[in-house]
Structure formats: structure tokens, C-alpha cells
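*Asks:* If you want the numbering used here, it's the position in the sequence shown, counting the first as 1, plus 2. Got a structure here, written out as C-alpha cells. Questions coming.
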Amino acid sequence: MSPVSNDPILDLVSHSAAQTQRLGERLGELAHAGDVYALEGELGSGKTCFVQGLGKGLKIPTAIHSPTFILANEHRGGRLPLFHLDVYRVRGTDEALGFGLEDYLYDAGVCVIEWAEKIRAGLPPERLWLTLRHLGESERGLLFQATGARYRALLQEFKKSALEMADVASD
3 MSPVSNDPIL
13 DLVSHSAAQT
23 QRLGERLGEL
33 AHAGDVYALE
43 GELGSGKTCF
53 VQGLGKGLKI
63 PTAIHSPTFI
73 LANEHRGGRL
83 PLFHLDVYRV
93 RGTDEALGFG
103 LEDYLYDAGV
113 CVIEWAEKIR
123 AGLPPERLWL
133 TLRHLGESER
143 GLLFQATGAR
153 YRALLQEFKK
163 SALEMADVAS
173 D
């Protein structure tokens, strides 16, 4: 279940994997050092696809794959480092802290966490939360929720370009 609060939200529909990647790419272009993006969604909902776009927006030169079996991938060589975590196999916040979660959360890169709902208690209170959901064979719902001044400003800026992208035809 997505976090519920009075924080600003943006609810979008992506009509293709390419459009989901473009949305991720735009967020990557707007990212700042120290940003934390928490991703939630069922298997196949587009989390890794979104992160691949995010990496492109950060100018990461290497391919991005989900780190399901190794927990974290560090991608360097772009505008900012990208720390891509997948906590699907983690049994909770304590285990995540044991593998060094805080080192990634408070580094000077961008930290994106797939299956973030499993370690919600260990995440910073200020973050951007993204819930991805299946709407159809290729359509995905993307619900962004900003908590904290930095993320409210980020979501406001992202919203401007994301709404323009919503008119892009599916690929």
C-alpha cells in the first residue's frame, strides 16, 4: 500500500515501456546529490524500466539491471553516482541496515530503492515515493508522492515536463 498523507502527489499513466523510461530520464535530469527515491510495485510493474531511464538522465554510461540477487549496484561515471538497491529479498529494515543501507542513503549520489515498502522504517522521512501499478498489458500507473521541501520542489519541476510527456504517443 502506498503511503497516504497530505504531501503533494502526481498521478500519471505511461502507455509504454519507452514512455516509462522517458519519465525516469526526466527525473534523472532533475536529480540532486543526496536524493532518495523509494519505488514500490508488483513484479513487472516497471520499477527497473523507470530506473533505466533515471540512469540515462544521470548520463550513466553502463547498462542498468535490477540488483535482486546482489542487493545494490553502484553506477558511476555520470553526472551523479546512482545507487540502485533492490530489497526484495531483504527481511526488513534491520537486515537492510546490516548490509549498509545508510551508506547509500546519505552519500552524494542518487539512491533509488526497489521494493522500498519492505524497509520503510529505515528510510529518511523526506523522499520521493513512487508507486507503479499495472493498468494494462503495456500501460502503467505512476503515482509520485513528495515528502519534504526538496522533494516538493522536485515534483513541481518534474510535473511541468511530465505533463508534456503524457501527450507522447506510445511506442
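Here a beta-carbon is modelled for each residue, glycine too, at the ideal position from N, C-alpha and C.
For the alpha helix (DSSP H) holding L29, just list the boundary residues, first then last.
*Replies:* Element bounds for L29: A19 to L32.
*Asks:* Along the alpha helix (DSSP H) that carries S163, what are the first and last residues, could you check?
*Replies:* A151 to M167 is the span of the alpha helix (DSSP H), which, as asked, contains S163.
*Asks:* Here's the rule: buried if 16 or more other CB atoms are within 10 angstroms of the residue's CB, otherwise exposed. What is T149?
*Replies:* Buried, by the Cβ-count rule.
*Asks:* W117 and L41: beta carbons closer than 9 Å?
*Replies:* It is a contact, given that the beta carbons lie within the stated cut-off.
*Asks:* What is the rounded straight-line gap between the Cα of L29 and the Cα of E139?
*Replies:* Taking the straight line joining both Cα atoms gives about 24 Å.
*Asks:* Judging by CA-CA distance, which residue of R135, C113 and F146 is the nearest neighbour of A33?
*Replies:* Here the closest residue by C-alpha is C113.
*Asks:* Find out if the Cβ-Cβ distance for the pair A35, L82 is shorter than 9 Å.
*Replies:* For A35 and L82, yes; Cβs fall inside 9 Å.
*Asks:* Considering just the uninterrupted stretch of the alpha helix (DSSP H) at F52, what are its terminal residues?
*Replies:* That run of the alpha helix (DSSP H) goes K49 to G59.
*Asks:* Does DSSP put E104 in a helix, in a strand, or in coil?
*Replies:* Correct three-state label for E104: helix.
*Asks:* At the level of alpha carbons, what is the spacing between I11 and G94?
*Replies:* Between I11 and G94, the C-alpha separation is close to 26 Å.
*Asks:* From the DSSP output, in three-state form, read off I121 for me.
*Replies:* In this structure, I121 counts as helix in the three-state DSSP scheme.
*Asks:* Count the other CB atoms, across all protein chains shown, that sit within 10 Å of the CB of R24; report buried if there are 16 or more and exposed otherwise.
*Replies:* Per the 10 Å Cβ criterion, buried.
*Asks:* Rank D37, T64 and L87 by C-alpha distance to the C-alpha of K49 and give the top, closest one.
*Replies:* Among D37, T64 and L87, the Cα nearest to that of K49 is on L87.
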